[in-house]
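Those letters in the sequence shown? Residues 995 to 1462, by this note's numbering. Heads up, the beta-carbon is just placed ideally off N, CA and C, and yes, glycines get one too. Quick caveat: nothing in here was measured; it's all calculated off a predicted structure.
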Amino acid sequence: MTTAATTSTAGAGTAAAGAADEAAGRLLQDTSLLRFATAGSVDDGKSTLVGRLLHDSKSVLADQLEAVEHASRSRGAAGPDLALLTDGLRAEREQGITIDVAYRYFATPRRRFILADTPGHVQYTRNMVTGASTAELAIILVDARNGVVEQTRRHAAVAALLRVPHVVLAVNKMDLVGYSEPVFAQIAEQFTAYAASLGVPEITAVPISALVGDNVVTPSEHMDWYSGPTVLEHLETVEVDHDPAGDVARFPVQYVIRPQTAEYPDYRGYAGQIASGVLRVGQPVTVLPSGRTSVIEGIDLLGQSVRQAWAPQSVTVRLADDLDVSRGDLIVPADDAPATGQDVTATVCHLHDTPLRVGQRVLLKHTTRTVKAIVKEIPSRLTLDDLSPHPEPGELVANDIGRVRIRTAEPLPLDPYALSRRTGSFLLIDPADGSTLTAGMSGDAFTGAAGAVRAAAGDTAQEDGWDF
């Protein structure tokens, strides 16, 4: 974990060879980590799959396994119920369903993993948005007896909307359909066609039995017709590009450091976490939304000055000029700045039990900036069966996916979500109680590169700051 940071500090004054070694070491370090999420309908066996994956990869501690065995015996089970490894809430164990997002960390000799086990019940689909928002791969489970159902389509739509680059279709409970190849082939073909129409770039189908362990960690003896990888083999070998040098640099300012002490009388630094890309000393930058320009004079990382830093490192950036920079501002390369504007067109997934309606006043949180906003229009809601738009629904209820147009009180520098998942996303918040209403992704949904968010002329805000 310290290799890249040490190289960065020690190589501050080195030549191109040292920089190349640093980049290679950073890429090697980052590609050893995979973030993935699991999703599936109720009773598809998702928690059992996660438990089997942890158990058979020897990622379960002895005391954890002992606790699961004890809980299983108390419930009258003949063997350990591996689903209990992830269903940690009492309500989850009593009902046999996943309610909250459960995060698990495990590793194999080939890769480290952060797993987000998300709920399958339609009532908790909104939680998948949380778990999959940072995932590089999603495992979507399907019960081989039921095939692709509405909840499967909803999970595929969420994965496509969140631009998850890799999707694994795990056709579970193959033991209950006699390990039938035609059953698997039909489900895989149906799901692949649907997901491809959403724009999912890569789909891998694996026939499994999580209860027995077929094709989860070890190859199945019952499905010799399948020659592909097991679930774990695919997780260990899937290519994930983590090189931040290929992304545009974005640095949301979280806090202004101004100690004004005898030791640091003139120190002014802007602290935060780099959202994407690489920042370098000497780089010309623009501060948004003001549009003022400067040059990066210094970068402080863990108390040391470094020549460059990359996402997702938390750093303090010092600029050559004394500019009016505060929390919520965005520091970007001067030659690659996003457009700023007050009109936002986005695809959203509504998360709250209270519907989102046209004319509703909300707060919009983008990176570290929160501004007042109003929902001007809801042009359409997505119909999951055939992906057709339902025009002018008037409102979005919990778990709905739709298009919205929002007017903000202040200009925002939003990237298209297709360009940056961090700076192209936002949340709509209830100004009355601070609860999260909606997760939004700016630009076009389910397609290739989205167009830039364009600034548009509009009415000036009224005194209350809402009618803009």
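- R1029 is a Cβ neighbour of I1108, given a cutoff of 8 angstroms.
- When the five nearest sequence neighbours on each side are left out, the beta carbons in the same chain lying within less than 8 angstroms of the beta carbon of T1362 are those of P1246, V1247, Q1248, G1266, R1321, G1322, in order along the chain.
- Assignment of R1104 by DSSP, reduced to helix, strand and coil, places it in the coil class.
- Three or more Cβ pairs drawn from the region 1409-1429 and the region 1268-1278 lie within less than 8 angstroms of each other, which places the two stretches in contact.
- The C-alpha of I1395 is placed about 19 angstroms away from the C-alpha of F1185.
- Looking from the CA of T1198, the closest CA among I1181, D1208, P1306 belongs to I1181.
- Residue state for V1211 is assigned as coil, using DSSP reduced to three classes.
- Every unbroken stretch of the beta strand (DSSP E) spanning 3 or more residues and falling wholly within the region 1284-1364 is given here in chain order: 1286-1295, 1298-1300, 1302-1304, 1308-1313, 1324-1327, 1335-1344, 1355-1360.
- T1146 is not a Cβ neighbour of S1041, given a cutoff of 8 angstroms.
- With a contact defined as Cβ atoms closer than 8 angstroms, L1163 and V1206 miss out at about 19 angstroms.
- The beta carbon of E1371 sits closer than 8 angstroms to the beta carbons of V1352, V1398, R1399 from its chain, once the five residues preceding and following it are set aside; these are given in chain order.
- Going by DSSP, I1181 is part of the alpha helix (DSSP H) stretching over 1175-1192.
- Rounded to the nearest angstrom, the gap between the Cα atoms of Y1258 and D1329 is 32 angstroms.
- Proximity of the region 1185-1196 to the region 1144-1159 meets the contact definition, three or more beta-carbon pairs being nearer than 8 angstroms.
- Residues S1002, V1272, L1273, R1274, V1275, I1293 of the same chain have their beta carbon placed closer than 8 angstroms to that of Q1302, with the five preceding and five following residues left out of the count.
- About 6 angstroms separates the Cβ atoms of V1326 and A1243, confirming a contact at the 8 angstroms cut-off.
- Residue pairing by DSSP leaves K1040 without any beta bridge partner.
- Secondary-structure assignment with DSSP links D1111 through a beta bridge to T1032, A1096.
- M1122 is positioned such that its CB atom lies closer than 8 angstroms to that of A1033.
- According to the DSSP secondary-structure assignment, T1231 is paired through a beta bridge with no residue.
- Secondary structure in the region 1219-1281: the alpha helix (DSSP H) runs of 4 residues or longer, each lying completely within the stretch, are 1225-1231 in chain order.
- Residue state for A1412 is assigned as coil, using DSSP reduced to three classes.
- Proximity to T1334 across L1047, A1314, T1430, E1404 peaks at E1404, based on C-alpha coordinates.
- Short of 7 angstroms from the beta carbon of D1038, and not among the five residues preceding or following it, lie these beta carbons of its own chain, in chain order: G1114, L1135, V1136, D1137, N1166.
- R1375 carries a strand assignment under DSSP once its states are collapsed to helix, strand and coil.
- The beta carbons of T1212 and D1050 sit closer together than 8 angstroms.
- By DSSP's assignment, H1160 forms a beta bridge with L1131.
- For E1404, the secondary structure class from DSSP, reduced to helix, strand or coil, is strand.
- Going by beta carbons, V1142 and Y1188 fall inside the 8 angstroms limit.
- Counting other Cβ atoms within 10 Å of its Cβ, D1208 reaches 16 or more and is therefore classed as buried.
- In the displayed model, A1204 falls within coil according to three-state DSSP, outside both helix and strand.
- Here R1139 carries a coil assignment [DSSP, helix/strand/coil].
- When the Cα atoms are used, R1157 and L1131 turn out to be separated by approximately 10 angstroms.
- Shown here, E1386 sits in coil according to DSSP, grouped into three states, outside any helix or strand.
- Our two residues, Y1264 and L1422, have alpha carbons roughly 26 angstroms apart in a direct line.
- Contact annotation: V1161 and E1215 have beta-carbon atoms that are not nearer than 8 angstroms.
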